[in-house]
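Residues in the sequence shown are numbered from 1 upward in steps of one, following full-length UniProt numbering.
C-beta: ideal position from N, C-alpha, C; glycine also.
Treat the numbers as computed from the prediction; the structure is a model and nothing was measured.
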Amino acid sequence: MPRKRRATAGNQTGIGPDSSTGALRGGDSCGSTDLERTPVTADPLPPQAPPRRGVWAQLRPLLLRTHFYAGVFIAPFILVAAVTGLIYTAAPQIERMVYDHELRVPAGQAAQPLSKQVAAARAAHPSGEITSVMPAVDATSTTRVVFSDETVPADYEMAVFVDPYTLEVRGQERTFGQWLGVRAWIDDLHRNLHLGAFGRNYSELAASWMWIVVLGGLALWIGRRRSLRRVVLPDASAKKGRSRNLSWHAATGVWITIGLLLLSVTGLTWSNHAGAKIADVRTLFDWNSPPLETSLTPGGQAAEHRHGAAAPAAEGGDAVFTSGVGIDGVMATATAQGLRTPLFIAPPADAQSAWKVDESKRDWPTRFDAVTVDGRTGAVVDRVDFDEWPFMAKMTNWTIDAHMGILFGLPNQLVLAALAIGLIFVIARGYGMWWQRRPTRDGGARFGRPAPRGSLRALTPGVLVLVAATTLFIAYFLPLFAISLAVFLAVDVLLERRRTTRPPVLAGTLDPPSPDTQEETPVAVGAETGGR
1 MPRKRRATAG
11 NQTGIGPDSS
21 TGALRGGDSC
31 GSTDLERTPV
41 TADPLPPQAP
51 PRRGVWAQLR
61 PLLLRTHFYA
71 GVFIAPFILV
81 AAVTGLIYTA
91 APQIERMVYD
101 HELRVPAGQA
111 AQPLSKQVAA
121 ARAAHPSGEI
131 TSVMPAVDAT
141 STTRVVFSDE
151 TVPADYEMAV
161 FVDPYTLEVR
171 GQERTFGQWL
181 GVRAWIDDLH
191 RNLHLGAFGR
201 NYSELAASWM
211 WIVVLGGLAL
221 WIGRRRSLRR
231 VVLPDASAKK
241 GRSRNLSWHA
251 ATGVWITIGL
261 LLLSVTGLTW
271 SNHAGAKIAD
281 VRTLFDWNSP
291 PLETSLTPGG
301 QAAEHRHGAA
311 APAAEGGDAV
321 FTSGVGIDGV
331 MATATAQGLR
341 TPLFIAPPAD
351 AQSAWKVDES
361 KRDWPTRFDA
371 VTVDGRTGAV
381 VDRVDFDEWP
391 FMAKMTNWTI
401 DAHMGILFGL
411 PNQLVLAALA
421 IGLIFVIARG
431 YGMWWQRRPT
441 RDGGARFGRP
451 APRGSLRALT
461 PGVLVLVAAT
471 TLFIAYFLPL
481 FAISLAVFLA
491 VDVLLERRRT
501 TRPPVLAGTL
511 DPPSPDTQEE
521 TPVAVGAETG
531 GR
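Given below as structure tokens:
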């Protein structure tokens, strides 16, 4: 009896001979039981749904692939803009050095009347209409009289520089706005590479993508949940190679992010295609400077203060500068209204228009007050102070002048130079990483590989709609972004087709992924390895 109980116990625990587990054989012999002959199987588990991926986990592969393509194909345009912009930061000093004779004079006792200075300029330049006069800014500056001139390129004029004390003409130079020849040449180099309207597409393309590349790169860098120190400082302990390049590329990019965003947005404001869209938005929300009334209509403010003969039309020649109160009376009225140099004085367009006097102090603190003056009487027709401008109109002026290195003078120029050098450094490090991503085992001159395809197919419907809507919104305001993005997609599809039509590669002929290469490559999950 004890033997049977031990055998039964052994069979029940699966330790006896031919037990259901098959773990042991031998031991005490006893007859087979139903328990021994029936295999024990676990209940099948229900299929589990794949883990739900968050929004960032879905967007990161797409951002990484977009950052790659923009970095490879758009970075050359951004690099050219950075190099030419670096040259531009020194333009004010170059201009003052090259044109010192035209711009500076020894201080004298008393300046001649402005009308006589204009007459001296006219004697030196008999042709063309006078479009504006810029009185001497200080005791050692010349007066600038600007003429329309058919001998200079479109959008240029001819400036004649007059000594306000002796009426000596110090020289004549063509001018683009306020910039003289050399500075205008540097400005054109940065704006359009001296290729005219077509060349402006390069700078607009760079500005359209730069803010996207900057914000996308910042999100990719911060999204890895690094410590704050690792985010803002390069990793000195990183080994040479891609990890070191990545650390310097990203940390430097963090430091110049705000400056690059400012340059990108302000660069778009005077671009060819996007600039027109931005102008429409400014008009829609009343973000422009208030208009200044110049018409001398009967019953208006000027008509109520008539005390002299009507000013002649601009077509009548230079008589407008001496008839009525003339330019001297207009200058006296502007001074009495509190306007100070630098001033731009524009003669009336016709007999029914007023003179216009604008402050143009573009360095901080800025002054842009303006008045219109009746040339017959010297009465003020209208006045608009800078304080009356909408805030966004002021911001537009300030940010554009900051972009041009004017707003804060030399410190502004130094900051822009540092931004340009930092951007050049970031682009160089980025191309270094791109080169280090290339396959090297097959010995071919191949280039760095982008992140795996399929990032769009991996998006959930809600995130996909968000991405599509955002892209369409940006594309509407930035046409060159839309065109270049379409080109990227076409290139991506063609490369994928070329890859899929190649003969299969034998195992072991490709480089295994290194830790450096994997650092910024998204993990292939499901559709991430498939087609876009």
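Identify the continuous alpha helix (DSSP H) that holds A458 and give its terminal residues.
Working through the sequence shown from its first residue, we reach residue 458 at position 458. That residue, A458, is in no alpha helix (DSSP H); it is neither H nor E in DSSP.
For P375, which of helix, strand or coil comes out of DSSP?
Numbered from 1 along the sequence shown, position 375 holds the residue referred to as residue 375. Correcting the residue type first, residue 375 is Gly in the shown sequence and not Pro. The DSSP-derived three-state label of G375 is coil.
Excluding the five sequence neighbours on either side, which residues of its own chain have a C-beta within less than 7 Å of the C-beta of L339, listed in chain order?
Residue numbering aside, residue 339 sits at position 339 when the sequence shown is read from its first letter. The residues are V357, E359, D369, V371.
Nearest-angstrom Cα separation, counted from G241 out to D516:
Translated into positions along the sequence shown, residue 516 becomes position 516. Translated into positions along the sequence shown, residue 241 becomes position 241. Its pLDDT being 43, under 50, D516 is placed unreliably in this model, and the value from its coordinates should be taken loosely. The alpha-carbon separation between D516 and G241 amounts to approximately 8 Å.
Buried/exposed call for G26, threshold 16 Cβ in 10 Å
Taking the sequence shown and counting its residues from 1, one reaches residue 26 at position 26. Low per-residue confidence applies at G26: pLDDT is 42, beneath 50, and the placement is therefore not dependable, though the value from the model is reported in the following sentence. With fewer than 16 other Cβ atoms within 10 Å, it is exposed.
Quick check for students: name the residue ranges of the beta strand (DSSP E) that lie wholly in the region 162-224, counting only runs of 3 or more.
List check, beta strand (DSSP E) in window: 169-176.
In its own chain, which residues sit with a C-beta less than 8 Å from the C-beta of A87, not counting the 5 before and 5 after it?
As a first step, residue 87 is located in the sequence shown; it is residue number 87 there, counting from the start. Just to set this straight, residue 87 is Ile in the shown sequence, not Ala. These residues qualify, in order along the chain: I186, L189, H190.
Can you give the beta carbon distance from L459 to I256, rounded, assuming they're within the 8 Å contact cut?
As a working mapping, residue 459 is identified with position 459 in the sequence shown. As a working mapping, residue 256 is identified with position 256 in the sequence shown. Contact between L459 and I256 fails: their C-beta atoms lie close to 31 Å from each other, not under 8 Å.
If you draw a straight line from the C-alpha of A124 to the C-alpha of L485, how long is it?
Along the sequence shown, read from residue 1 onward, the residue named residue 124 stands at position 124. Along the sequence shown, read from residue 1 onward, the residue named residue 485 stands at position 485. It is roughly 54 Å from the alpha-carbon of A124 to the alpha-carbon of L485.
Just grab the DSSP bridge partners of E359 for me.
By 1-based counting over the sequence shown, the position of residue 359 is 359. The partner list for E359 (beta bridge, DSSP) reads L343.
CB-CB length for Q172 against A154, believed under 8 Å:
Here residue 172 corresponds to residue number 172 of the sequence shown, with the count starting at 1. Here residue 154 corresponds to residue number 154 of the sequence shown, with the count starting at 1. The Cβ separation is near 19 Å, so there is no contact.
Under 9 Å between the Cβ atoms of V231 and V214?
Start at 1 with the first residue of the sequence shown, and residue 231 comes out as number 231. Start at 1 with the first residue of the sequence shown, and residue 214 comes out as number 214. No, the Cβ-Cβ distance between V231 and V214 is not below 9 Å.
According to DSSP, I130 sits in a beta bridge with which residue or residues?
Here residue 130 refers to the residue found at position 130 when the sequence shown is read from its first residue. I130 is bridged to F147.
With 16 other Cβ atoms within 10 Å as the buried cut-off, status of S271
As a first step, residue 271 must be located in the sequence shown, where it is residue number 271. That one is buried.
Across which residues does DSSP place V160 in a beta bridge pair?
Here residue 160 refers to the residue found at position 160 of the sequence shown. Per DSSP, V145, Q172.
Assess, as a yes-or-no matter, whether the region 199-208 is touched by the region 465-483 under the definition of 3 or more beta carbon pairs within less than 8 Å.
Flag = yes, the region 465-483 and the region 199-208 touch.
Between R122 and T322, what straight-line distance do the alpha-carbon atoms span, to the nearest angstrom?
For the purposes of this step, residue 122 is taken as residue 122 along the sequence shown, with counting starting at 1. For the purposes of this step, residue 322 is taken as residue 322 along the sequence shown, with counting starting at 1. Cα to Cα, the separation comes out at about 13 Å.
Keeping to the same chain, check which residues put their C-beta closer than 6 Å to that of Q413; ignore five residues upstream and five downstream.
For the purposes of this step, residue 413 is identified with residue 413 of the sequence shown, where counting begins at 1. The residues are T89, G405.
In this structure, how does DSSP classify V105 when only helix, strand and coil are distinguished?
In the sequence shown, the residue the question calls residue 105 occupies position 105. The DSSP-derived three-state label of V105 is coil.
Nearest-angstrom Cα separation, counted from P234 out to K361:
Here residue 361 refers to the residue found at position 361 of the sequence shown. Here residue 234 refers to the residue found at position 234 of the sequence shown. For K361 and P234, the gap between their C-alpha atoms comes out near 41 Å.
First through last residue of the alpha helix (DSSP H) which encompasses R226
What you label residue 226 is simply residue 226 of the sequence shown in a count that begins at 1. Neither: R226 is in no alpha helix (DSSP H) and is coded neither H nor E.
Distance, Cα to Cα, N397 vs A119?
Numbered from 1 along the sequence shown, position 397 holds the residue referred to as residue 397. Numbered from 1 along the sequence shown, position 119 holds the residue referred to as residue 119. Cα to Cα, N397 sits roughly 34 Å from A119.
Would you tell me roughly how many angstroms separate the C-alpha atoms of M210 and V325, rounded to the nearest one?
The residue given as residue 210 occupies position 210 in the sequence shown. The residue given as residue 325 occupies position 325 in the sequence shown. Cα to Cα, the separation comes out at about 52 Å.
Quick check: the Cα distance between R60 and L228, rounded to an integer number of angstroms?
Counting from 1 along the sequence shown, the entry for residue 60 is found at position 60. Counting from 1 along the sequence shown, the entry for residue 228 is found at position 228. In a straight line, the C-alpha of R60 is about 20 Å away from that of L228.
Secondary structure of V137, DSSP reduced to three states:
To locate residue 137, count along the sequence shown from 1; it is residue 137. Here V137 sits in coil by DSSP.
Strictly by DSSP, which residues pair up with S295?
Against the sequence shown, residue 295 aligns to sequence position 295. Partner(s): S353.
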